[in-house]
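Here's the structure, in structure tokens; my notes come after.
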Amino acid sequence: MKNQTLRFTGCSFAAVLCLATMAQAERVEFSREFAPVPGWVAGMEKPFRDELCLNGRWQFQPVPTPAGWTAGKDAPPALTEPAADGWDAVPIKIPSPWNMNALDSFQAADGADYRSFPSYPAAWENVDMAWLRRTFEVPAGWEGCRLVLRFEAVAGDCEVRLNGKVVGRNFDKFLPFEVDVTDAVRRDGPNELLVGVRSVRFFNQPGRFGSFTYPSGAWWTGQGNAAIDGIRGIWQDVFLVGLPPARAQDVFVQPLVADDLLRADVELRNDALEARELTVEAKVVPWIPAAEADLLAAPERRGKFGDNVVVAFAHPASARVEPGATATVQLEQKIGDKLALWSPDSPNLYGLVVEVKSGGKVVDRRVTRFGWRQFGFDKDQRFTLNGRPMRLNIELCHFFGVAHLSPRHALAWYRMLKDCNINAVRLHALPYPRFYLDLADERGILVHDETAIYGSHANFNLDVPVTWERFADHLQRLVRRDRNHASVFGWSVENETYNALKIRTMDKKEHDAVRDRFVPMIESVKRLDPTRPWISSDGGYEWANIYPVVLAHYGPGAGYYRNYERTGKPWGVTEATYLWGRMPSEVSRYNGERAYESWRGRLEGMAFEVWDELVERQIKPFPNISVVSVYDVTYYGLWPQPLGLADLAKPPTLDDGVHFTAPYVEGKPGIQPERLGPYATMFNPGYDPRLPVYQPTPVFDAARAAYAPDRPQDFPRRLFEKPDEPIRPGPPPPLVNDGKITRVVFLGDPSGVLCQSLVKAGVPLAPDTEANAPVLVVDAGSLKQPAAEVRATIDKTLSAGGTVLVWGLSPETLDAANALLPAAVSLAPRSASSLLPEGNGPLAAALPPSRCYFSEAPEGSIVMKHALGGPLIEQGRTVLRAADINWQLWRDRQEPVKVAAAVRSEREAKPPSAALVEVPIGSGRLIVGSLESAAPTPAHVMFFRALFVGLGVQVQEPKAVAGGILDSKGFVSRALVAGPFVASSYEEALDGDFVVAQALANPQPGAAAGDSAWREMQASSTGVFEFNSLKNDAEARNQAVYLSFWLFSPRSDNLLEGGVLLDHSQGAKVDFLAGSDDGAKIWLNGKLILENRGKNPLQADHYKLTGLSLNKGWNHFLVRVANDRGDWKFQGRIECRYPTLAPLLRTDVARPES
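Read in order, the letters of the sequence shown correspond to residues 1 to 1154 in our numbering.
Structural data, given as structure tokens:
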């Protein structure tokens, strides 16, 4: 079909949904404004104030990073002077970061397509510092004005020059700053504006806890590690503002509803040459919302302030202001019933109009929008709005790029929140552009306003003073920017700093020292905004003594949340569930095998967790809770939108997506991107007429039911693929190991990987000389017997009605395997880490998805690299096929790409998928497989046991996978011990140097340990080590013994390795629960984690060493137990808090050599 263009212009969004069946080759174009945002100066403030928007095409000149410059070692490199001939031929479209496209791919071609400015050269993506240049002329009529440059946000260390003069600097990525350029500007000709920006990474300083010395934000704006600092450049609007010399510089409106009082603090500034006596008068006018419109027109229609005065302040305020100085005056007025309350259901807004007079003449007018409302807490510490308790159902989502820079996105998001019974939003991990708050005011969405002090990356340098100076400045600027918004109910000072600090140090003194640095910051918020009692840290009750509100993250249950309730302060939950991390093996606890089948299957299972978390852990147990949430419905509970992608079976290209075709407009507020790529957003606010505004998943339905206004509704299954099918949670039924076949002949290398896996799995292998075997396994990857002999054995087995399993077909073994088979087999590249059964019968019953799932195996997770085809395969039926979804594209991926990566892996076209095919041959059956042989892991052992049970084989008890020393209850049953060592005192038994450190670092059986040697010891049936049996000096009162064992983890709990976030469900932590008689010391990987100097009898689980972070690889547990006569014992057991990790842990008495 010939390509066509689908343009989306003036028709209503609802009307165009009928276009869903249009031709697949259409290019989607959108010709309306992408970001219709107002300017900085309100209409009624003119003619006293005016603005010139400086957005548009600027020149761009990269500045190379000096050769040999080393991060964290060298001082930040200077911005060299721009060269006259160094300007790039391609202009940069301000606002937009110059490295937009690099960040918008997030180093992943298989996830969301965030490329929004294809015209930008690829060379810009690695530029660390640059100059940006444009010229402007001062508009006519601005004579006598003060001229101020206003930058809404510049990411990086910023230097501003006008006509060659440095006029200002700024170091913050997120918040506005102003520069008075009156004395540097030319009023009668062109002005050259230069903005130099250096990446914040130049200012990293390695410290004990990290290297970032600035509020970092998260993801798109720069959360990552030390090598990734996020966006660079001017990414929000730039204005030249004309202001009167004597003016209202700032207005803080304080609606004190409980006192029936409207208060306004007005900061006056006088830039005239002489002192001025300034008088301030105030009045309130209504805000008239724009008429209701569809989602296309609504962002383009702005309300306005009415002309009628609702409230006039009876008394003006005056102050004498010296030249270049400021003064603050306060006005108050009783309201009575003249103002309607603001609430989510009735978001009534007003404008406080302040007029400044000098000599009886109005010299300035400023209008500030506000809502007549008041936030607080009642006697039960419940959150209140206008004196009435209400529960905040709060949602949050990370800021993921250009799609978020449009009011269209904000309105679509807010619509979804209302649909989901969510009444509040946490603008997470960075100050969002101001239109988010403007629209929240208008739409009745309550806002939890958060800084960019995003501690979750555990990479802040908390030692150097400059970090705290930048933190404090950032927080104060945020409060000043947003404190007049009706929707803002509270301030979030930082996110998970305490939890992140615990990764770096467990020293409570260090924790307390960092905590105390936040105290003056909290006090500054109270000074700047005494109207909002809600000041919080997000995550952690440990610092409850400094925050007025305490908020929990990722509690394991209602018992954990009781710790917050017991603080006696207002509290709630602002992040919960592992929507963002759980793998199918964890989700299956809710919906069994369905979790492994597809992305929808996973979401159906997670919907149970979402509903249970909200209803059973938060809402029902805690009727006085102020805020409840899960993290997060927006990103993990909706389907990513394939904008402009007609064929979901193909990977997106730059030709796909929504292309913005409106002419580029110079001097217009708002970003003007060139395109939005498929899957770059969860919302379609009218860009693509074939798609709805959003596409809910079962997670959305579960949250909506839980958040229902009066009481939670029952769990819904409306969006389940098979809503009436019974739910079977948990693992599959145990294998019924009652097969009649007791021997399996193996042809291949008995020392090869496949044979060893079968032995580990308990498959009863018989010598290959045994005749008439009912099951024959042929390992194509290690076959040594002559082909004719093997072929004869195959034919003989099949003729006798037996089963022949030919394993390991690959390009290297294909020719040899085809020589053994009755018809040809071909291979096609197809990689998979999980398989799905097809059809019915014993094999399918024995091999549900959970037993064919290798995505979390530490080794051998890619279980298939080629799919089967050819004439022989066409004669049979597929038993196992590659799963459509690639779960490894979900596991441990960066948040901005992982959802789209998982969904795309499932949707996009792939080669054939057959992995195991059964072909009837006479009275027998031939089973051919292209699965990979791999070192046996628990996943492989379970698979082979199930496979052979399905073949009718009675398997034996499986062999231990890796020399495990834990019994069925997790108790350490074997360990290496050294000693006993006689001590002169009990203290020496605990502290004496009986063994040199080198001998304690890697104990091996038989190795020397002081005057003893390491040897293996067996615990009792209850897991107790009885050390009295070791004593060689019955008269010795005080003695010591060492006990050593090792635990292997396939992954690390260090969030700096692999991007693991705090409390990630894919982390690596264990609990060590132990007890001793008498005292003991315990080390993990050389670090002392417990010291008990008491003399006590053995008590099970006396030492609760919880949340121990593991390194990737082997981890060493070393225990010293002291004795003061009498019993001398030790008992310890390991528990793992991560279901996906537990089966992968291995233990041994000594560290293996390899």
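The beta-carbon is built from N, C-alpha and C at its ideal position, and this holds for glycine as well.
Judged by DSSP secondary structure, Asn270 falls within the beta strand (DSSP E) whose first and last residues are 261–270.
Boundaries of the alpha helix (DSSP H) around Asp795: 787–799.
One Cα belongs to Glu565, the other to Asn624, and the distance between them is close to 9 Å. Sixteen is the threshold: since fewer than 16 other Cβ atoms of the shown chains lie within 10 Å of the Cβ of Asn126, the residue is exposed. Inclusion of Pro842 and Gly950 in the CB contact set at 9 Å is warranted, their separation being smaller than that value. In the three-state reduction of the DSSP assignment, Thr497 falls in the helix class. Within the region 860–910, the runs of beta strand (DSSP E) at least 3 residues long that lie entirely inside it are, in chain order, 864–869, 877–882. Leu754 is a Cβ neighbour of Gly781, given a cutoff of 9 Å. When DSSP assignments are scanned along the region 543–621, the uninterrupted stretches of alpha helix (DSSP H) that are 4 or more residues long and fall wholly within it turn out to be 558–565, 584–591, 594–597, 599–612. The region 599–608 and the region 707–725 touch, with three or more beta-carbon pairs separated by less than 8 Å. Listed in chain order, the non-local C-beta contacts of Val367 below 8 Å within the same chain comprise Ala42, Met44, Glu45, Val285, Phe305, Gly351, Leu352, Val353, Val354, local neighbours out to five positions each way being set aside. Inter-residue distance for Val329 and Asp516 is about 33 Å (C-alpha atoms, whole angstroms).
With 16 or more other CB atoms across the displayed protein chains lying within 10 angstroms of its CB, Met100 is buried.
Unbroken beta strand (DSSP E) runs of no fewer than 3 residues, entirely contained in the region 677–748, are found at 744–747, following chain order. Less than 9 Å divides the Cβ of Phe30 from the Cβ of Ala662. Around the beta carbon of Ile965, a 10 Å sphere encloses 16 or more other beta carbons of the protein chains shown; the residue is thus reported as buried. Arg532 has its alpha-carbon roughly 45 Å from the corresponding atom of Trp887.
Linking Leu836 to Arg925 through their CA atoms gives a straight-line distance of about 21 Å.
Rounded to whole angstroms, the Cβ separation of Leu747 and Leu783 is 6 Å, and the two are in contact under 8 Å.
The beta carbon of Pro1003 sits closer than 6 Å to the beta carbons of Leu976, Trp1014, Ser1044 from its chain, once the five residues preceding and following it are set aside; these are given in chain order.
With respect to Lys910, Arg830 sits close: the two C-beta atoms are nearer than 9 Å.
Looking only at Cys420, Ser537, Ala576, the smallest Cα-Cα distance to Gly555 is reached by Ala576.
Of the residues assessed, Gln641 falls on the buried side of the cut-off, its CB having 16 or more other CB atoms within 10 angstroms. Within the region 919–969, the runs of alpha helix (DSSP H) at least 4 residues long that lie entirely inside it are, in chain order, 938–950.
Within a 10 Å sphere around the beta-carbon of His457 sit 16 or more other beta-carbons, which makes this residue buried. DSSP places Glu523 within a helical segment (H, G or I) once states are collapsed to three.
Ser626 has no beta-bridge partner at all, per DSSP.
Remark: C-beta atoms of Leu296 and Pro685 approach each other more closely than 9 Å. Membership of Met1017 in any alpha helix (DSSP H) is not indicated; the residue belongs instead to the beta strand (DSSP E) covering 1015–1018. When secondary structure is reduced to three states using DSSP, Cys852 falls in the helix class.
Gly1086 carries a coil assignment under DSSP once its states are collapsed to helix, strand and coil.
Taking a contact as a CB-CB distance under 8 Å, the pair Ser855 and Arg881 does not count as one, their CB atoms being some 15 Å apart. Beta-bridge pairing by DSSP links Ser358 to Leu278, Lys361. Lys73 counts as exposed, since fewer than 16 other beta carbons sit within 10 angstroms of its beta carbon. In the structure shown, the three-state DSSP call for Gln998 is helix. Here Val363 is not near Ser318, since their CB atoms are 9 Å or more apart.
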